[in-house]
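**Q**
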Amino acid sequence: MRNIADAVRAATPAPAPEGVDYLAYLKTDEWAERAAACIAAAGHRCAVCNGRTRLEAHHRTYERLGNERPDDLTCLCRRCHGAVSVLEWVPGGGRPPQSNLDKVLAELAARKGRNAHR
Numbered sequence: 113m114r115n116i117a118d119a120v121r122a123a124t125p126a127p128a129p130e131g132v133d134y135l136a137y138l139k140t141d142e143w144a145e146r147a148a149a150c151i152a153a154a155g156h157r158c159a160v161c162n163g164r165t166r167l168e169a170h171h172r173t174y175e176r177l178g179n180e181r182p183d184d185l186t187c188l189c190r191r192c193h194g195a196v197s198v199l200e201w202v203p204g205g206g207r208p209p210q211s212n213l214d215k216v217l218a219e220l221a222a223r224k225g226r227n228a229h230r
């Protein structure tokens, strides 16, 4: 595993709609296009730290997995994505179906300020 986000993802597979294999979906061209659109819409900036490197799309909800709306995704750098994944963790229960991302983003932004990191 490369980092804490990978460890959290491996330990708690995302709740997926019936018949959708989450990990297989993340390897599709369809997901790559949605993730790229999310990153472009964010101006190639992390929503937490305003960083510009190692950007990823984070699911705010898995409700429409495979048919995400633009507002179902948030652009985060790998480092902040890992922190968000850990903060969203529900001990003993995995991740909630609906992300509490707004609260998590506010908490991270308050802790880090808006300084970009590398």
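Take the sequence shown: its position 92, counting from 1, is numbered 204 in the numbering used here, and each next residue is one higher.
Beta carbons are placed, not taken as given, at the ideal position from N, Cα and C, and that holds for glycine.
Is it true that the CB of C192 sits closer than 8 Å to the CB of C161?
**A** yes
**Q** Beta-carbon within less than 8 Å of R132's beta-carbon, same chain only, minus the 5 sequence neighbours each way: which residues are those?
**A** The sequence shown places Val at residue 132, rather than the Arg named in the question. Within the same chain, V132 has close Cβ partners L177 and G178.
**Q** On the three-state DSSP scale, how would you describe L199?
**A** helix
**Q** Tell me the rounded alpha-carbon separation between H170 and L185.
**A** 5 Å
**Q** With DSSP collapsed to three states, give me the class of L135.
**A** helix
**Q** According to the neighbour-count rule (16 or more other Cβ atoms, all chains shown, within 10 Å of its Cβ), is R223 buried or exposed?
**A** exposed
**Q** List the whole-angstrom C-beta distance separating R166 from C189, where the pair is believed to meet the contact cut-off of C-beta under 8 Å.
**A** 5 Å
**Q** What do you get for E180, buried or exposed, if any count of 16 or more other CB atoms within 10 angstroms of its CB means buried?
**A** buried
**Q** CB of A148 to nearest heavy atom of the ligand PLP: below 7 Å?
**A** What this structure holds is no ligand at all, so the ligand PLP is not there to describe.
**Q** Let me know the secondary structure DSSP gives L220 once reduced to three states.
**A** helix
**Q** When you compare the CB positions of E175 and A147, do they come within less than 8 Å of one another, or not?
**A** no
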